[in-house]
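Q:
There are 2 protein chains.
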Amino acid sequence: MRRPAKTPPAGRRPAKPRPARTPAAKPYHHGDLRRVLLDAAMQLVGEGGPEAVSVREAARRAGVSPGAPFRHFPSRDALMNAVAEEAQRRFRAEIEAALAGAPSGDPLGRFRRLGIAYLRWAMQNPTHFEIISSRRFFDHDRSVGVSSDNAELIGLTERTLAEALSAGQLGAHDLKQVQIAGRALVYGFARMHIDGHLPRWGVADAEAEQMAADIVDLFIAGITRRTSQV
Amino acid sequence: MRRPAKTPPAGRRPAKPRPARTPAAKPYHHGDLRRVLLDAAMQLVGEGGPEAVSVREAARRAGVSPGAPFRHFPSRDALMNAVAEEAQRRFRAEIEAALAGAPSGDPLGRFRRLGIAYLRWAMQNPTHFEIISSRRFFDHDRSVGVSSDNAELIGLTERTLAEALSAGQLGAHDLKQVQIAGRALVYGFARMHIDGHLPRWGVADAEAEQMAADIVDLFIAGITRRTSQV
DNA sequence: CAATCCGTGTAATCGGTGCTTACATTCACA
DNA sequence: TGTGAATGTAAGCACCGATTACACGGATTG
Chain A
5 MRRPAKTPPA
15 GRRPAKPRPA
25 RTPAAKPYHH
35 GDLRRVLLDA
45 AMQLVGEGGP
55 EAVSVREAAR
65 RAGVSPGAPF
75 RHFPSRDALM
85 NAVAEEAQRR
95 FRAEIEAALA
105 GAPSGDPLGR
115 FRRLGIAYLR
125 WAMQNPTHFE
135 IISSRRFFDH
145 DRSVGVSSDN
155 AELIGLTERT
165 LAEALSAGQL
175 GAHDLKQVQI
185 AGRALVYGFA
195 RMHIDGHLPR
205 WGVADAEAEQ
215 MAADIVDLFI
225 AGITRRTSQV
Chain B
5 MRRPAKTPPA
15 GRRPAKPRPA
25 RTPAAKPYHH
35 GDLRRVLLDA
45 AMQLVGEGGP
55 EAVSVREAAR
65 RAGVSPGAPF
75 RHFPSRDALM
85 NAVAEEAQRR
95 FRAEIEAALA
105 GAPSGDPLGR
115 FRRLGIAYLR
125 WAMQNPTHFE
135 IISSRRFFDH
145 DRSVGVSSDN
155 AELIGLTERT
165 LAEALSAGQL
175 GAHDLKQVQI
185 AGRALVYGFA
195 RMHIDGHLPR
205 WGVADAEAEQ
215 MAADIVDLFI
225 AGITRRTSQV
């Protein structure tokens, strides 16, 4: 977050009275500053987490003055909202892609895929996952992109579980409870990973992915219809 | 976080050449500034979450100059560490108190109490819970108070689960997996509550506590030894 | 083609923050 | 009784988000 002003004396527009459209000379208008700022912010989140994002730094990376971003995002929060929407969009795309090749006849198997894909993405994109889920970093309620994508994912798991139930794959459980418990499980594990809890629980980084799959399986075993003992 | 300087002209030490120890006249030395700052920070966390804590605001509430806190806490992070230690201490005390009256003959029942007490405290003290778990707000590895209290709690659940296993209350599971899955479940639910996910999952605030107990029971049912069908 | 309008970027500034340095005060101990 | 260490103050740095007044220039329109 600290940086020494990056060539302070070499400001823009040194002495030329009229640049006369040199291609290398940066034009007054940027082209697509909004997109560039968003990309810079995404990159900052990836590098140092949500709080590493500062409007000024994004402006610096875009090669633009500190006030310029406010033409495109009325506040830092608005920028973070856009970042969260982008992240949520990618997240959803990945989840749905992971489910694409799954056989539709096995809802519980698809539920398992869902959980594992969820954890996979979360562990591979911890900072972006954090920004999506942690509302502290942006205003969920005001971000239609996030909430609609998210609602889509919630509906997806809901339908999958309902199918599993009606296919007789589940024990006699309250579906809503199972749903929320499943979510809490994967969300909790993802956050344990993000928040650095896993080492304290004896899980090395290398094992984390296997452990993620294991606890998903453990959960599924727990809710599966019990047709035989032990 | 914004405040208009709070009576800017009425600075300390108005005109009196020597206060001669009036009881109301604040002495140069504060007495126990460290404690007061810590309390102020705890209160700030309670009011507006971890990021509502600013060194200057804590100093303001303690009635002291902005630089004074740095005599007691070398950085904001150090202050946050102290806050986290205090919160973790309270958390552990509450958990252990909840377990005090539990019969030692029923480890699984104690495990259940453990989970419910965990969720209870987390949901009643969301911001303090967040600061304990979210490493973003302080340096876990450097905070011996937090990690030792936390290790104690981890050991407690570990022992409880091991007892349940040897008492034949558990199915044939990998104990470490069960442990981590259990933790992920309660941690995930607590964070869902903190992060405001529950409404999106159709859980109103009033139901949250009941739902917490339900998913703990669901989990325990899933790992219990299966002696009969359905 | 020319004039003007408005979207976009710049410069300067404000109050907030964490943190450091130099100085003032007072307590505790020799 | 002195004196040094501990503790608080004052001032100032760089950074931040945000606002305002102004400069530029592409697009629309007469």
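In the order they appear, the protein sequences are chains A and B.
One gets this note's numbering by counting positions in the first sequence from 1 and adding 4 to each.
One gets this note's numbering by counting positions in the second sequence from 1 and adding 4 to each.
We put the beta carbon where it would ideally sit given N, CA and C, even for glycine.
1) Using a cut-off of 8 Å between C-beta atoms, extract the partners of Gly53/A located in chain B.
2) List the whole-angstrom C-beta distance separating Ala102/A from Arg117/A, where the pair is believed to meet the contact cut-off of C-beta under 8 Å.
3) Quick check on the DSSP output: the alpha helix (DSSP H) that includes Arg96/A runs from which residue to which?
4) Is the Cβ of Ala44/B closer than 9 Å to any Cβ of chain A?
5) Check whether the Cβ of Trp125/A lies closer than 9 Å to any Cβ atom in chain B.
6) Between Val182/B and chain A, is the shortest Cβ-Cβ distance under 9 Å, so that the two count as touching?
7) Can you give me the C-alpha to C-alpha distance between Ile158/B and Arg94/B, rounded to a whole angstrom?
8) Hey, does Tyr122/A have any beta-carbon neighbour from chain B nearer than 9 Å?
9) Do you know offhand how far Arg96/B's Cα is from Asp153/B's?
10) Taking beta-carbon pairs under 9 Å, can you tell me which members of the region 89-112 of chain A lie near chain B?
11) Pop quiz: Pro111/B and Ala208/B are said to be a contact at Cβ under 8 Å. What is the actual Cβ separation, rounded to whole angstroms?
12) Let me confirm a value: Pro54/B is counted as buried when at least 16 other C-beta atoms fall within 10 Å, else exposed. Which label applies?
13) Between the C-alpha atoms of Ala45/B and Thr131/A, what's the straight-line distance to the nearest angstrom?
14) Nearest CA to the CA of Gly35/A: which residue from Glu167/A, Gln47/A, Ala72/A and Arg140/A?
15) Answer with yes or no whether the minimum CB distance from Phe193/B to chain A is below 9 Å.
16) Any beta-carbon of chain B closer than 9 Å to the one on Thr26/A?
17) Are the C-beta of Ser170/B and some C-beta of chain A separated by less than 9 Å?
18) Check each residue of the region 196-222 of chain B: if its Cβ is closer than 7 Å to any Cβ of chain A, include it; give the result in chain order.
19) Could you pull the start and end residues of the alpha helix (DSSP H) that Ser239/B belongs to?
20) Once you ignore the five residues that flank Gly149/A on each side, which residues in its own chain have a CB closer than 6 Å to its CB?
21) Could you tell me which chain A residues have their CB closer than 7 Å to the CB of Arg135/B, listed as they occur along the chain?
22) Label Glu245/A either buried or exposed according to how many other C-beta atoms from any shown protein chain fall within 10 Å of its C-beta, with 16 as the threshold for buried.
23) Might you give, ordered along the chain, the residues of its own chain that have their beta carbon closer than 7 Å to the beta carbon of Leu48/A, omitting 5 neighbours on each side?
24) Classify Leu123/A: buried if its beta carbon has 16 or more other beta carbons within 10 angstroms, exposed otherwise.
25) Here's the rule I'm using: 16 or more other beta-carbon atoms within 10 Å means buried, otherwise exposed. How should Asp199/B be labelled?
26) Apply the 10 Å Cβ neighbour rule to Arg39/A and answer buried if 16 or more other Cβ atoms are within range, or exposed otherwise.
27) Are the CB atoms of Val182/B and Leu165/B nearer to each other than 9 Å?
28) Is it right to say Gly206/A is buried, meaning 16 or more other beta carbons lie within 10 angstroms of its own, or is it exposed?
29) Could you please give the first and the last residue of the uninterrupted alpha helix (DSSP H) stretch that includes Glu213/A?
30) Taking just the CA atoms, how far does His201/B sit from Ala82/A?
31) Thinking C-beta only, is Leu37/A closer than 9 Å to Ala86/A?
32) Express the C-alpha separation of Asn129/A and Ala155/A in angstroms, rounding to a whole number.
33) List the residues of chain A whose Cβ lies closer than 9 Å to the Cβ of Arg187/B, in chain order.
A: Reading off the structure:
1) Against the first sequence, residue 53/A aligns to sequence position 49. The contacting residues are Arg140.
2) Residue mapping note: residue 102/A aligns to position 98 of the first sequence, counting from 1. Residue mapping note: residue 117/A aligns to position 113 of the first sequence, counting from 1. That pair is a contact at about 6 Å.
3) Taking the first sequence and counting its residues from 1, the one referred to as residue 96/A is at position 92. Looking at the DSSP string, the run of the alpha helix (DSSP H) that includes Arg96/A is Arg80 to Ala104.
4) Within the second sequence, residue 44/B is the residue found at index 40, counting from 1. For Ala44/B, the answer is no, since every Cβ of chain A falls outside 9 Å of its Cβ.
5) As a working mapping, residue 125/A is identified with position 121 in the first sequence. It does not: the Cβ of Trp125/A has no partner Cβ on chain B nearer than 9 Å.
6) Within the second sequence, the letter at position 178 stands for residue 182/B. So yes, Val182/B belongs to the interface.
7) By 1-based counting over the second sequence, the position of residue 158/B is 154. By 1-based counting over the second sequence, the position of residue 94/B is 90. Going from the Cα of Ile158/B to the Cα of Arg94/B covers about 16 Å.
8) The sequence position of residue 122/A within the first sequence is 118, counting from 1. It does not; no Cβ of chain B falls within 9 Å.
9) As a working note, residue 96/B is residue 92 in the second sequence. As a working note, residue 153/B is residue 149 in the second sequence. Going by the C-alpha atoms only, they are around 7 Å apart.
10) none
11) Stepping through the second sequence from its first residue, residue 111/B is reached at position 107. Stepping through the second sequence from its first residue, residue 208/B is reached at position 204. With 8 Å as the limit, Pro111/B and Ala208/B do not qualify as a contact, their Cβ atoms being about 33 Å apart.
12) Residue mapping note: residue 54/B aligns to position 50 of the second sequence, counting from 1. Pro54/B should be labelled buried.
13) On the second sequence, residue 45/B is found 41 positions in, with the first residue counted as 1. On the first sequence, residue 131/A is found 127 positions in, with the first residue counted as 1. The straight-line gap from Cα to Cα measures roughly 27 Å.
14) Position 31 of the first sequence, counted from the start, is the residue given in the question as residue 35/A. Answer by Cα proximity: Ala72/A.
15) The residue given as residue 193/B occupies position 189 in the second sequence. At least one chain A Cβ lies under 9 Å of Phe193/B.
16) Locating residue 26/A in the first sequence gives position 22, where the first residue counts as 1. In this predicted model, Thr26/A has a pLDDT of only 40, less than 50, meaning its place in the structure is not dependable; the value taken from the coordinates is given anyway. Judged by the 9 Å Cβ criterion, Thr26/A is not in contact with chain B.
17) To locate residue 170/B, count along the second sequence from 1; it is residue 166. Judged by the 9 Å Cβ criterion, Ser170/B is not in contact with chain A.
18) Met196, Asp199, Gly200, Arg204, Trp205, Gly206, Val207, Met215, Asp218, Ile219 and Leu222
19) A question about residue 239/B goes unanswered here, because the residues of chain B that appear run from 5 up to 234.
20) Looking up residue 149/A in the first sequence gives position 145. Hits under 6 Å: Glu89.
21) As a working note, residue 135/B is residue 131 in the second sequence. Going by the sequence as given, residue 135/B is Ile instead of Arg. In chain order: nothing, as chain A lies at least about 11 Å away.
22) Limits of chain A in this structure are 5 at one end and 234 at the other, which puts residue 245/A out of reach.
23) Counting from one through the first sequence, the residue named residue 48/A turns up at place 44. So the qualifying residues of the chain are Ala56, Val57, Glu61 and Ala62.
24) Within the first sequence, the letter at position 119 stands for residue 123/A. Counting Cβ neighbours within 10 Å, Leu123/A comes out buried, since at least 16 surround it.
25) Along the second sequence, one-based indexing puts residue 199/B at 195. Per the 10 Å Cβ criterion, buried.
26) Looking up residue 39/A in the first sequence gives position 35. By the neighbour-count rule (16 or more Cβ atoms within 10 Å), Arg39/A is not buried but exposed.
27) Indexing the second sequence from 1 puts residue 182/B at position 178. Indexing the second sequence from 1 puts residue 165/B at position 161. For Val182/B and Leu165/B, yes; Cβs fall inside 9 Å.
28) Sequence index remark: in the first sequence, residue 206/A carries index 202 (1-based). Gly206/A comes out exposed.
29) In the first sequence, residue 213/A corresponds to position 209, counting from 1. Here the alpha helix (DSSP H) through Glu213/A covers Asp209 to Ile227.
30) In the first sequence, counting from the first residue as 1, residue 82/A sits at position 78. In the second sequence, counting from the first residue as 1, residue 201/B sits at position 197. Cα to Cα, Ala82/A sits roughly 20 Å from His201/B.
31) The residue you call residue 86/A lines up with position 82 of the first sequence. The residue you call residue 37/A lines up with position 33 of the first sequence. No, Cβ-Cβ distance for Ala86/A and Leu37/A is not below 9 Å.
32) Counting from one through the first sequence, the residue named residue 155/A turns up at place 151. Counting from one through the first sequence, the residue named residue 129/A turns up at place 125. Ala155/A and Asn129/A: Cα-Cα distance of roughly 20 Å.
33) Translated into positions along the second sequence, residue 187/B becomes position 183. Those within 9 Å of Arg187/B in chain A are Gly192, Phe193, Met196, His201 and Trp205.
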